[in-house]
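Undergrad: One rule links them: number in this note's numbering = place in the sequence shown (from 1) + 1102.
Have a look at the structure that comes next, please.
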Amino acid sequence: MEKEKLKIGIYELTGCAGDALLIVDCEEELMNIFKAADIESFLMAKSDNRNGELDVALVEGSVSTEKEKEELLDIRRRSKVVVAIGNCACVGGIQAAFLDKKDWEKNFKKVYGTIAFTHTKPAQSKPIDAYIRVDHYLPGCPIGKEQFLSTFARMVGGNPPELYRFPVCVECKWHENDCLLNKDIPCLGPLTLAGCGSVCPDHNIPCFGCWGPTEEANLTSEYHLLLDKGFDLEMIKKRMANYSGTRIAEFFAQFRKEKR
Ligand code: SF4
Ligand code: SF4
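What follows is the structure in structure tokens.
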């Protein structure tokens, strides 16, 4: 008897849709992806989308409206496993950098004034685990093809994804690069999740942290290291904030408290 296929849904909240695009861009493997599982919902790739029970939901983007929050809660209710895909879903993305509630309200007013929103109410951007339980995190901005295909194949086989937990520096060392920090170039490799193959330092370009922070990222140490090297405080904050989402806001808030 043929094994029942996994029911998978791929969803996009607020972001650039780069992760969904990356999946569509798996041109050679795309037919096999659709053969290996029942892709129940994937707006970018098909029109007959269904909202039924799912084995796995892959969710891209941050939650930036009340409607998206409702959609996300509904996805969680219908899915056995939820995987956050990409920086926005995992940590909030660029739209969540530095924004504490008051700053967000101030900036929002500056951009939109007092417009009445009828379709949905905007909300401060947050990663999806601010609202639901997330089973796995597939990092990247966008996610990497290799990690996506391996994660997909493992899940179809009934196994959890195997993802790197170590920083970009490890891949950088595998490739025997000279460390850019030793050349006084502000590289965020020590803070950033591996998986991209250290593509930037391999080309003598510092890592900007686009795969998001590792679980054990030593923000304090990198912050002081860059300060000691004479880099401007605002530049360090902005660079570290770009892809760290809500996490960096928490870090600097704590730092401000310590300074008082
Ligand atoms: S160049 Fe960057 S990624 Fe490579 S070892 Fe140095 S800090 Fe780490
Ligand atoms: S910025 Fe860092 S994490 Fe992003 S692709 Fe470059 S080396 Fe990789």
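Every residue gets a Cβ at the ideal spot worked out from N, C-alpha and C, and that includes glycine.
1) Compare the C-alpha of G1347 against each of F1136, L1290, L1201 and L1145 and name the closest.
2) Would the C-beta of G1291 count as close to ligand 1, meaning under 7 Å from any of its heavy atoms?
3) What did DSSP end up calling K1109 once you bin it into helix, strand or coil?
4) Along the chain, where does the beta strand (DSSP E) that runs through F1144 open and close?
5) For V1126, I'd like the list of residues in its chain whose CB is within less than 8 Å of its CB, leaving aside the five on either flank, ordered along the chain.
6) Spell out the partners DSSP gives K1228 in its beta bridges.
7) Can you tell me whether D1330 is helix, strand or coil according to DSSP?
8) Return the bridge partner residues of A1186 from the DSSP annotation.
9) Measuring CA to CA, which of D1286, I1112 and T1294 is closest to V1270?
10) Is W1276 near ligand 2, going by C-beta to nearest heavy atom under 7 Å?
11) Between K1361 and the rest of its own chain, which residues show a CB-CB distance below 6 Å, the 5 nearest in sequence each way excluded?
12) Given a cut-off of 8 Å, decide if V1184 and V1165 are closer than it, judged by their beta-carbon atoms.
13) Can the beta-carbon of G1117 be found less than 8 Å from the beta-carbon of C1192?
14) Please classify K1361: does DSSP put it in a helix, a strand, or coil?
15) Three or more C-beta pairs closer than 8 Å, one from the region 1305 to 1317 and one from the region 1231 to 1250: is that the case here?
16) Counting only the same chain and skipping the five closest in sequence on each side, list residues whose C-beta sits under 7 Å from that of I1234.
TA: Once the coordinates are examined:
1) L1201
2) Relative to ligand 1, G1291 has its C-beta within less than 7 Å of a heavy atom.
3) strand
4) D1140 to F1144
5) So the qualifying residues of the chain are L1132, M1146 and A1147.
6) V1165
7) In the structure shown, D1330 sits in a helix (DSSP, three-state: H, G or I).
8) Residue pairing by DSSP puts A1186 in a beta bridge opposite V1161 and Y1239.
9) T1294
10) no
11) Low confidence applies here, because K1361 scores a pLDDT of 49, under 50, leaving its location unreliable; read the following figure in that light. Cβ within range, chain order: n/a, list empty.
12) no
13) no
14) Unreliable positioning characterises K1361 in this predicted model, as indicated by a pLDDT of 49, which lies under 50. A coordinate reading is not provided.
15) yes
16) L1174, L1175, R1178 and V1184
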